[in-house]
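There are 4 protein chains.
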Amino acid sequence: MSVPIFDSFLTTTEIIRTFDDTAVIQAMLDFEAALARAQAAQGLIPGPAAQLIEQHCKASLYDTDAIIVAARRAGSMAIPLVKALTQAVAANDAEAASKVHWGSTSQDVIDTGTVLVTRDALALINDTLDALCRQLLVLAEQHLQTPVLARTLMQPAQVTSLGFKFANWAAPLIRSKQQLKTLVRNALQLQLGGAVGTLAVMGEQGPAVARRVAADLGLAINDGNWHTQRDDWVRLGLEVAILTGSLGKIATDLSLMAQGEIAELAEPSGQGRGGSTAMPHKRNPVSSMIALAAAARTPQRAAGLLANMGQEHERGLGNWQAELADWPGLFMSAHGALTALLEAMNGLVIDTARMRQNIDNLHGLIFAEAVSIYLAGAIGRPAAHHLMETLTARAVSEKIHLSRVVRQAIDADDRLRSQLDLEQIDALFDPVAATRNGHQIAEKLVSQLRQTFENAP
Amino acid sequence: MSVPIFDSFLTTTEIIRTFDDTAVIQAMLDFEAALARAQAAQGLIPGPAAQLIEQHCKASLYDTDAIIVAARRAGSMAIPLVKALTQAVAANDAEAASKVHWGSTSQDVIDTGTVLVTRDALALINDTLDALCRQLLVLAEQHLQTPVLARTLMQPAQVTSLGFKFANWAAPLIRSKQQLKTLVRNALQLQLGGAVGTLAVMGEQGPAVARRVAADLGLAINDGNWHTQRDDWVRLGLEVAILTGSLGKIATDLSLMAQGEIAELAEPSGQGRGGSTAMPHKRNPVSSMIALAAAARTPQRAAGLLANMGQEHERGLGNWQAELADWPGLFMSAHGALTALLEAMNGLVIDTARMRQNIDNLHGLIFAEAVSIYLAGAIGRPAAHHLMETLTARAVSEKIHLSRVVRQAIDADDRLRSQLDLEQIDALFDPVAATRNGHQIAEKLVSQLRQTFENAP
Amino acid sequence: MSVPIFDSFLTTTEIIRTFDDTAVIQAMLDFEAALARAQAAQGLIPGPAAQLIEQHCKASLYDTDAIIVAARRAGSMAIPLVKALTQAVAANDAEAASKVHWGSTSQDVIDTGTVLVTRDALALINDTLDALCRQLLVLAEQHLQTPVLARTLMQPAQVTSLGFKFANWAAPLIRSKQQLKTLVRNALQLQLGGAVGTLAVMGEQGPAVARRVAADLGLAINDGNWHTQRDDWVRLGLEVAILTGSLGKIATDLSLMAQGEIAELAEPSGQGRGGSTAMPHKRNPVSSMIALAAAARTPQRAAGLLANMGQEHERGLGNWQAELADWPGLFMSAHGALTALLEAMNGLVIDTARMRQNIDNLHGLIFAEAVSIYLAGAIGRPAAHHLMETLTARAVSEKIHLSRVVRQAIDADDRLRSQLDLEQIDALFDPVAATRNGHQIAEKLVSQLRQTFENAP
Amino acid sequence: MSVPIFDSFLTTTEIIRTFDDTAVIQAMLDFEAALARAQAAQGLIPGPAAQLIEQHCKASLYDTDAIIVAARRAGSMAIPLVKALTQAVAANDAEAASKVHWGSTSQDVIDTGTVLVTRDALALINDTLDALCRQLLVLAEQHLQTPVLARTLMQPAQVTSLGFKFANWAAPLIRSKQQLKTLVRNALQLQLGGAVGTLAVMGEQGPAVARRVAADLGLAINDGNWHTQRDDWVRLGLEVAILTGSLGKIATDLSLMAQGEIAELAEPSGQGRGGSTAMPHKRNPVSSMIALAAAARTPQRAAGLLANMGQEHERGLGNWQAELADWPGLFMSAHGALTALLEAMNGLVIDTARMRQNIDNLHGLIFAEAVSIYLAGAIGRPAAHHLMETLTARAVSEKIHLSRVVRQAIDADDRLRSQLDLEQIDALFDPVAATRNGHQIAEKLVSQLRQTFENAP
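Protein chains in written order, with the working numbering: chain A, 1 to 457; chain B, 458 to 914; chain C, 915 to 1371; chain D, 1372 to 1828.
Structure follows, in structure tokens:
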């Protein structure tokens, strides 16, 4: 595979193929073919010349490794490829060969080729993203009423609805899906400007040729060119980075909830999945690992895109080439993470009993705020806060359930007893009741997410 | 100023003020006041309590440094501030004090406070961005027909229209302006979820209170909360980063064109601007320097936003705090760069004679493509390419104008003389004619950019 | 404080003071005073002029904010400062004023000033680092024999020695301490090259003056200058980044082990530490939070240093200024993290009983490898691996202790019974015995670390 | 090649080969063979078993692509490889198969394998670095007396010695060479800790086996293990990043000096080098481009190493895998940049006449500081500064040589004429004289650099 081994291990075969040498070369040749067709249609070059060029626009005809080596000397992937194509055409018709790549420049064919393979990559990403959103919405709907510990600053906090957690995982993914849909309209655009962006060689016909090429390849077309104005392109890459960041958030939560000592969720097991050479009993969270690695690498690639925006004059030296080289990694990481998490979510093991047990293990301490608020209403906030500090400290140190500590405190204090309603206090310690607000908010959220998701084409 | 000295030197006093200690504390207090008002309006707390709270929501009443020191121990800026506010209210009315910050959590007040100061920062950015776009469009319109060297890979390439360069500088700025306008709709949103995002304390009334607070503060409201779903927020930050990247591109070009040996553009001079302690004759490109520094620092901050997206469970440990701390720098750099470039563009020194001279200094070599294409049409591309390699090599080594070398070659070769038209060749060496295509493309581009710009509110 | 509020919250007052406006201005003035003294000593300027200059090298004499504003126009912090100093001296003696900053350049005073404040920052860092290393070594020595779960890929794996964990936390810190000591020798160096690094103005005496200034300020001196050769400087910054990375690793482990459901370690509690506005029972891992935030922000700053190394010619445009502005953050984060973790380690709550209980909760599964190896020795690895897969699956699904499952399997199978020794198998399930190897390796490691640590000055 | 096309275009075939799938797999197998040998030598496994294992440790025996696909499911490259090796051995001897990878863990084989291929990569880097340093020292020695413009903030400043520039390019490379030599002593170390770093399976013999394996593979050995203590490793990676940064600085200067309008240096031309598809006359700075792209990408990779240091507990989830995947890129970029710049420096075209002409074109303005200092000595600094502002402004606006303007001013002013020596002033405008100080400093610097370089093995 055209990817180093520890890279390919973290992504998918499908998306590696999208960006592999042959695919990129073929996409560049697709541009050359479309250019020739458009120029023939505009009468700039003879039809037969265009046909001959098109016939030679097949990646399998060329020696990729030799082209790479020559490209290093030439300073451009396009120069040796165009040379090889020209020679191939010339072997049939020297005149037609003079029309190859006519009026175009290296950056036109390289950028457009990259746009074309990126479109394929985005199709893969979109399909997997769709499936993942769908599955998360189903999980959210199934677990609206399931109590689970909410945790803040890596400490158990209060209870929430498990469906709310799933909905919160889905929401950013659905936003990214919409955003990608919007951004591709500008970002998947033809690059065609000629040597310095003015389409000078084709004269008056330049714009018409450009429109034809764009239509032929199904790409957007900008009024200028984007040789060194990379904002639309970078914006697309950064949205993929945001998507991967949101996947990383899911993987963070999943891996934390799958810790042996918490064990509320688990990735699916099965043939060859997550084993350990040294510990046959372990079930490693392999999907989380892939998504976390993707999220760990992506910010740097995003920074790379931004860092390379200062491309000099009409074509950048070093920065454009660096941007191109960093580009595929963003997509490979995203698809690796999506595919891994889809597999995890499709086979997700949800242990609701353990969730309940983890709540119970906290001896009612997570209901302290609710109790505190109730107390504040009855005896004033300062007194309530002070009392709760004492009581929760006792519950912690003596490992007694807070409800019992509270009851004892009230029993032992006449004033408190007269101000407080023990039954109301008991109700505050019910996990299902405590989940009610989370459940309601989640219900509304899920319904809106589903609507947004279903309505997006 | 609440910024280290080598930071403050690269930005503006106005935007430093937007994010300074007092402004942030005040914005947090504005949230507390709005929360109390909304809860009073919903009947959750007494009206007089809300009024009393509101009266104490003035940053000048509190000791910022002491709050920061206490915040380090507490692990949150909000805890000591809320405590100080509560104590201040309690000095008047202990009961009202128990309603301070009620049903809210640290992250609610901190995030919303940050949103409020960010809105102020964006207003500053938008104003300066508007002025810069306007000035660039004027420059573009003025110089549509001015020939200037286009340069690719840091080498003179061919001629283009100076107006085209200006238009290409303006285009990404106008796109960023539009994009920011779209993104703030979601990103400038209220944060209000209570301890774990479920608004549990306020019960059924939570959503209504949230809607009131959002309306009061003029913020958007989301269906859930965004405690650990930072995508909308990050997306806004990344767009500011893209804007700064586009400014860096302008500064790159400007500083290259302002080099003493090129001298086509110069930043304005004047009182205290760009002097050198050791070289009284130098005019340093100070605006470019500030914009380049901004563009150099911004990718890392953008990476920081993405790297901190994996916030654990319902509130992140370390990553949320890192994101907050990195946030203002993005805006301070952007405004520093915008202000610097606006000053540069308002007083830009444009030396069109030098532009022409730089073209002439290249001995016609930049017209080689045009000649080559003409030759290819006449004698076939391979022969043309081969001939031009020889002729341009001679023009370079003997420092003779290419037009003369070409003419001599044709004169010396009967076959060529019969195939070629010397008058047509001479015309290919005219810079103004060579600019025609760039001029036409730029004209259309500028007109569309102006339309987009004028139509945006 | 000269730092934005959400920055200052994550670091210490001491190190903020090191880099604050006054300290930086004073350090720059210290350079000017030392330069004048050295030039007087070499006979280049009159002694009284040097004395007069020195008398005016007090930061309190100048208006920092005005200097910053003027610096933005001038493009250099040094220009307005030198101007102000010159004016102050000139008010006494115009001739002496002409000797201010003589033969030097903006970058000389700015870089040297930054070196001087960095030395102060490193002294703070070194002190806190020492104390932290010392405490970690003590903890390691105390807990060499304490069994604790080792965890891999976020899953319980096998038992190890708690002292080994502490020693592994200490080891990289001690390596960073040594490395910093080595690197400062080159990195804390004088910058003095004059306008373009050739010390041209001072003629033959330049090198002698430079040696005197370096000796006076206690700085190293390089054979050339380092105006645009930033490697020694960047190397120092990156080592601070590595230190912060190692602190982040400690904080990661600490926060994971302090999770409510694991509860093996806890940060100290106490007045105002780690409370929550909404959850009075929570003890938030505040030290971990500060160290994690530092570790989250530092890689980007390190990238900034590297990204700005390509400084043009003899003085960079934008990149040098960006490097300067990014520099203090590296040190502020490191000292914030060190101070926070020192506090955490000094009051660390270690629950060895809970560690044992967490081991026991795993039903012997973590001893599966030991059992597997024993079985492999007896019945061959493939058979052993296959058998253990079955047995551990049963232990998991039926929640029975693995030792019991193994015993039952052996009892039920004559062939196994004849091949295996039940007593040996029982011994494999003893946590203390299982820690023996970790204990021994840790003992040697700790002893070597202590030796290295004690021997470093 | 096992690298995406736009990556492979920016590096060398040799270093791609070092990190390609087969090389990495072979290195992992080398570890397994060495482990078996060591265990046999210690009597832990039978000699014939070790021999059989060793015979199967050949990468060509295994299907790399199948292993990668299986590794994604398993979450580790090692698991399917060890499985394949075990099966291959088992086909001959089931008992010997049970000794494969014995007492080791996935991370041991993966990390050690990566160390081994990294050693090969460093050898390539070191060789090319040596050659480049050597060539730069030669160039420095040849051009100690050649005057060239020094430029600060992208503006011509004063003259310096070209040899000084070359020496300043060489100095950081020689420092990196030394630093790499020091760092590999710790960083090229064996990883062998078993499941959780305690070498538990091998009991008392673990440390002896580890020493044998390290000696066998020629690697350092640490007292603990470095499963999640990555500082030594990261330090090595960061030094490679510093080296690439220093190469980027050279490429920045080279590409600026090679601009058509400056033309002081040029990269060598020749067959297929730096041509343009559209502009046959252009000689693109291809080496600079490759080095600049390397320098543009490297900071992000360095940030990735630092960002992934917080590896959890005894084996990281996602971060370790991300670090592994980012690692080779650092080395591939460095070697690409070194090779490109070596080619550029070996054939560097140095136009000393143009350097002189560029000095002359500045009308003596770059000597203004020298004149100013002379004037300050004669008429006091304030008067001198004021006078020079006027005179240089005149020289600029009227495009007259400053020496003429100065002479006219003196002629026109009796007081000045009496205070100043016209001959001395004339001498200040001599470029060769002005280079003297730079020459002397450079001479000393070059001599010391050569000594350091020659003495390093």
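Just so it is clear, CB atoms sit at the ideal spot from N, CA and C, and this is done for glycine as well.
Since the model is a prediction, treat every value here as computed from it, not as a measurement.
Within 8 angstroms (strictly less), CB to CB, does residue i reach chain D?
| i | result |
| --- | --- |
| D7 of chain A | yes |
| L122 of chain A | no |
| Q865 of chain B | no |
| I68 of chain A | yes |
| P1213 of chain C | yes |
| F166 of chain A | no |
Tell me whether residue i is buried or exposed, calling it buried when 16 or more other Cβ atoms sit within 10 Å of its Cβ.
| i | result |
| --- | --- |
| G1400 of chain D | Checking the sequence, you will find Leu at residue 1400 of chain D rather than Gly. Result: buried. |
| T277 of chain A | Summary for T277 of chain A: the model assigns pLDDT 49, below 50, so the residue's position carries little reliability, and this model does not support an answer. |
| S1160 of chain C | buried |
| K638 of chain B | exposed |
| Q876 of chain B | exposed |
| K1358 of chain C | exposed |
| P962 of chain C | exposed |
| Q1682 of chain D | buried |
So residue i contacts chain C; which residues on that side make the cut at Cβ distance below 7 angstroms?
| i | result |
| --- | --- |
| I262 of chain A | E1175 |
Mind checking if residue i is an interface residue toward chain B, Cβ cutoff 8 angstroms exclusive?
| i | result |
| --- | --- |
| E369 of chain A | yes |
| Q1333 of chain C | no |
| L1733 of chain D | yes |
| A1674 of chain D | yes |
Run through chain A and tell me which residues come within less than 8 angstroms of residue i, C-beta to C-beta.
| i | result |
| --- | --- |
| V691 of chain B | I242 and G245 |
Along the chain, where does the alpha helix (DSSP H) that runs through residue i open and close?
| i | result |
| --- | --- |
| K901 of chain B | P888 to N912 |
| V1052 of chain C | S1020 to Q1056 |
| W777 of chain B | N776 to N803 |
| E1740 of chain D | A1739 to I1750 |
| N222 of chain A | Run containing N222 of chain A: none; DSSP gives neither H nor E here. |
For residue i, return the contacting residues in chain A, with the cut-off set at a CB-CB distance below 7 angstroms.
| i | result |
| --- | --- |
| K706 of chain B | T228, M309, G310 and Q311 |
Shorter than 8 angstroms from the beta carbon of residue i to some beta carbon of chain C?
| i | result |
| --- | --- |
| K99 of chain A | no |
| L153 of chain A | yes |
| N894 of chain B | no |
| G1484 of chain D | no |
Using a Cβ cut-off of 9 angstroms, pull out every chain D residue sitting near residue i, in sequence order please.
| i | result |
| --- | --- |
| V996 of chain C | The premise fails here: V996 of chain C is roughly 11 angstroms from chain D at the closest Cβ pair, so nothing lies under 9 angstroms. |
Cβ closer than 7 angstroms: which chain B residues qualify as neighbours of residue i?
| i | result |
| --- | --- |
| S974 of chain C | What S974 of chain C touches in chain B: nothing, since even the nearest Cβ is about 15 angstroms away. |
(Q) Just to confirm the assignment: which complete alpha helix (DSSP H) runs, minimum length 4, are found wholly within the segment 915 to 994 of chain C? (A) 919 to 922, 927 to 932, 935 to 955, 961 to 969 and 978 to 988
(Q) Give the list of continuous alpha helix (DSSP H) stretches no shorter than 4 residues that lie fully inside the segment 1064 to 1107 of chain C. (A) 1076 to 1101
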